[in-house]
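Visitor: In the working numbering, the protein residues as written are 21 to 434.
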């Protein structure tokens, strides 16, 4: 697969290192007789949190809209279900009544409800607002504000004008629409003004959520397995001329909700999620120690070791991080004098145990490392985050000179 980034760079997606090398060789020798500037291989990462964050309060510049939100990890069962049903989730946002009335879609609704019920998230299921990124990712925005139980919330979920479907009430469209119209007629002028403004903000809030989940605060990688909750949404009545004082009000909502979600994510101890290869290694017993040292040097996790009956061949099953797999085959062939045989296949995603924002807190840690957390030197997550930020041209907090000596010039005595 080949696609062009916004910067103009052409990106080649390959199945592995050898596949990528062959594609580049064919591109140089056969298809592109021009000089090429090739960057080092790029590995995709994800960002997530491991505990619930603290509530974050944010508001627009004109103080018209005030929102409170927090983030917490999604249960593993829900994340796996969302990853396996991306196509079905994306179809929720299509205005295709035939598909939504099909048995396939009804079956998907029932399975999704069963997954939420199995992890004790039944109430949260009724509050789903949007999925992200790209409206089909493994992150969910929940509406837990006061107006989530109003007729307005039902209307945005089931009417023909809606672009989202969270409560799945297709069979009640007509009933709900007429019920909403009756409630609208009974509202006061102030309540009707706030309700009309809320209806216009639905698109801005969900798009702010899409922006926040598409590029996380650690290193602008997509988020995974994060649930965002809008706890409160307050609207203050202002004169119409002051509503757009700081620019279009819809434009104010989108960056405000995006920054608020990023702040709530940061309060939940962010971690990197990296991809892993499943490595199947065959090596003679006399080279077993050398092969193991190569695997451990690349942060591999050995899952199983066994000898083939009647031979001296050892089978090693391990999980190797994709970012550490480049140059793996040549190195292990060199260490084992060409006796090893390797096979790499994509396996899964896993959370890095190291905290990229770790800082010394206890007295022993401060005594050993001081106030500089980088002095520890073995925080793999921090190094990966810094490398990604450098590649993307983002700010990196680092010291060019750690321990400098004052320069002095000794004059010769005459």
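Just so it is clear, CB atoms sit at the ideal spot from N, CA and C, and this is done for glycine as well. For clarity, every value in this text was computed on a predicted model and none was experimentally measured.
1) Per DSSP, what kind of secondary structure is residue 262 in: helix, strand or coil?
2) For a test of the three-state rule: what should DSSP assign to residue 67, helix, strand or coil?
3) So, at 8 Å on beta carbons, what are the nonlocal neighbours of residue 61 in its own chain, with the 5 sequence-adjacent residues on each side left out?
4) Are the stretch 81-88 and the stretch 255-268 touching by the rule of at least three beta carbon pairs closer than 8 Å?
5) Leaving out five residues before and five after residue 280 in sequence, what residues of the same chain have Cβ atoms less than 7 Å from its Cβ?
6) Of the residues 343, 360 and 339, which one's Cα is nearest the Cα of residue 349?
7) Name the DSSP bridge partner or partners of residue 325?
8) Cutting at 8 Å between CB atoms, please list the residues of its own chain near residue 415, excluding the five before and the five after it.
9) For the stretch 306-321 against the stretch 90-97, are there 3 or more C-beta pairs whose distance is under 8 Å?
10) Helix, strand or coil for residue 223? Go by DSSP, reduced to three states.
11) Below 8 Å CB to CB, which residues in the same chain sit around residue 166 once its five sequence neighbours on both sides are set aside?
12) Report the three-state DSSP secondary structure of residue 183 (helix, strand or coil).
13) State buried or exposed for residue 222, treating a residue as buried only when at least 16 other CB atoms are found within 10 Å of its CB.
14) Consult DSSP for residue 143 and reduce its assignment to one of helix, strand or coil.
15) Tell me whether the beta-carbon of residue 43 lies closer than 8 Å to the beta-carbon of residue 58.
16) What first and last residue would you give for the alpha helix (DSSP H) that runs through residue 309?
17) Within the chosen definition, does the stretch 222-232 reach the stretch 127-147 through at least 3 CB pairs nearer than 8 Å?
18) Give every residue of the same chain whose Cβ lies closer than 6 Å to the Cβ of residue 325, excluding the five residues on either side of it in the sequence, and list them in chain order.
19) Can you check which of these residues, 323, 110, 299 and 398, is closest to residue 352 by C-alpha distance?
20) Do residue 294 and residue 370 count as a contact pair if the criterion is CB distance below 8 Å?
21) Counting C-beta neighbours from all protein chains within 10 Å, is the total for residue 383 16 or more, i.e. buried, or is it exposed?
22) Indicate whether residue 311 and residue 381 have their beta-carbon atoms separated by less than 8 Å.
23) To the nearest angstrom, how far is it from the Cα of residue 197 to the Cα of residue 157?
24) Hey, residue 240 and residue 412 are a contact pair by Cβ (cut 8 Å); roughly how many whole angstroms apart?
25) My output table needs one value for residue 375: the three-state DSSP class, helix, strand or coil.
26) With respect to the beta strand (DSSP E) encompassing residue 91, which residues constitute its N-terminal and C-terminal limits?
27) Quickly, what does DSSP pair residue 152 with across the bridge? List them, please.
28) With a 10 Å radius around its C-beta and 16 neighbouring C-beta atoms as the bar for buried, classify residue 50 as buried or exposed.
29) Bridge partners for residue 290 per DSSP, in chain order?
Guide: Quick answer:
1) Looking up residue 262 in the chain shown gives position 242. Three-state result, residue 262: helix.
2) Numbered from its first residue, the chain shown carries residue 67 at position 47. Of the three classes helix, strand and coil, the one that applies to residue 67 here is strand, per DSSP.
3) Counting from 1 along the chain shown, the entry for residue 61 is found at position 41. Same-chain partners within the cutoff: 37, 40 and 346.
4) yes
5) Taking the chain shown and counting its residues from 1, one reaches residue 280 at position 260. The answer, listed in chain order, is 76, 78, 87 and 89.
6) One-based indexing of the chain shown puts residue 349 at position 329. For residue 349, the nearest C-alpha among the options comes from 360.
7) On the chain shown, position 305 is the one that residue 325 refers to. Residue 325 is bridged to 336.
8) If you number the chain shown from 1, residue 415 lands on position 395. Within the same chain, residue 415 has close Cβ partners 409.
9) no
10) One-based indexing of the chain shown puts residue 223 at position 203. In this structure, residue 223 counts as helix in the three-state DSSP scheme.
11) The sequence position of residue 166 within the chain shown is 146, counting from 1. The residues are 252 and 253.
12) Locating residue 183 in the chain shown gives position 163, where the first residue counts as 1. With a pLDDT of 35 at residue 183, under the threshold of 50, the modelled position of that residue is not reliable, and no figure is offered here.
13) Within the chain shown, numbered from 1, the residue matching residue 222 stands at position 202. Buried: at least 16 other Cβ atoms inside 10 Å.
14) Taking the first residue of the chain shown as position 1, residue 143 is located at position 123. Residue 143 falls in the helix class under three-state DSSP.
15) Locating residue 43 in the chain shown gives position 23, where the first residue counts as 1. Locating residue 58 in the chain shown gives position 38, where the first residue counts as 1. No.
16) Stepping through the chain shown from its first residue, residue 309 is reached at position 289. Looking at the DSSP string, the run of the alpha helix (DSSP H) that includes residue 309 is 308-317.
17) no
18) Start at 1 with the first residue of the chain shown, and residue 325 comes out as number 305. Here the set comprises 336.
19) Taking the first residue of the chain shown as position 1, residue 352 is located at position 332. Nearest C-alpha to residue 352: 299.
20) Numbered from its first residue, the chain shown carries residue 370 at position 350. Numbered from its first residue, the chain shown carries residue 294 at position 274. In this structure, residue 294 lies closer than 8 Å to residue 370 by Cβ.
21) Within the chain shown, the letter at position 363 stands for residue 383. Exposed, because fewer than 16 other Cβ atoms sit within 10 Å of the Cβ of residue 383.
22) Mapped onto the chain shown, residue 311 falls at position 291. Mapped onto the chain shown, residue 381 falls at position 361. Contact flag unset, no.
23) The residue you call residue 197 lines up with position 177 of the chain shown. The residue you call residue 157 lines up with position 137 of the chain shown. Residue confidence is low: residue 197 scores 44 on pLDDT, short of 50, so the model does not pin down where it sits. Its coordinate-derived value is still stated next. So the alpha carbons of these two residues sit roughly 30 Å apart.
24) Taking the first residue of the chain shown as position 1, residue 240 is located at position 220. Taking the first residue of the chain shown as position 1, residue 412 is located at position 392. At roughly 6 Å, the Cβ-Cβ gap stays under 8 Å, so residue 240 and residue 412 are in contact.
25) As a first step, residue 375 is located in the chain shown; it is residue number 355 there, counting from the start. Here residue 375 sits in coil by DSSP.
26) Position 71 of the chain shown, counted from the start, is the residue given in the question as residue 91. Residue 91 -> beta strand (DSSP E) spans 85-93.
27) Here residue 152 is taken as the residue at index 132 of the chain shown, counted from 1. DSSP output for residue 152 lists 159 as bridge partner(s).
28) Numbered from 1 along the chain shown, position 30 holds the residue referred to as residue 50. By the neighbour-count rule (16 or more Cβ atoms within 10 Å), residue 50 is not buried but exposed.
29) For this step, residue 290 is matched to residue 270 along the chain shown. According to DSSP, which records beta bridges pairwise, residue 290 is partnered with 69.
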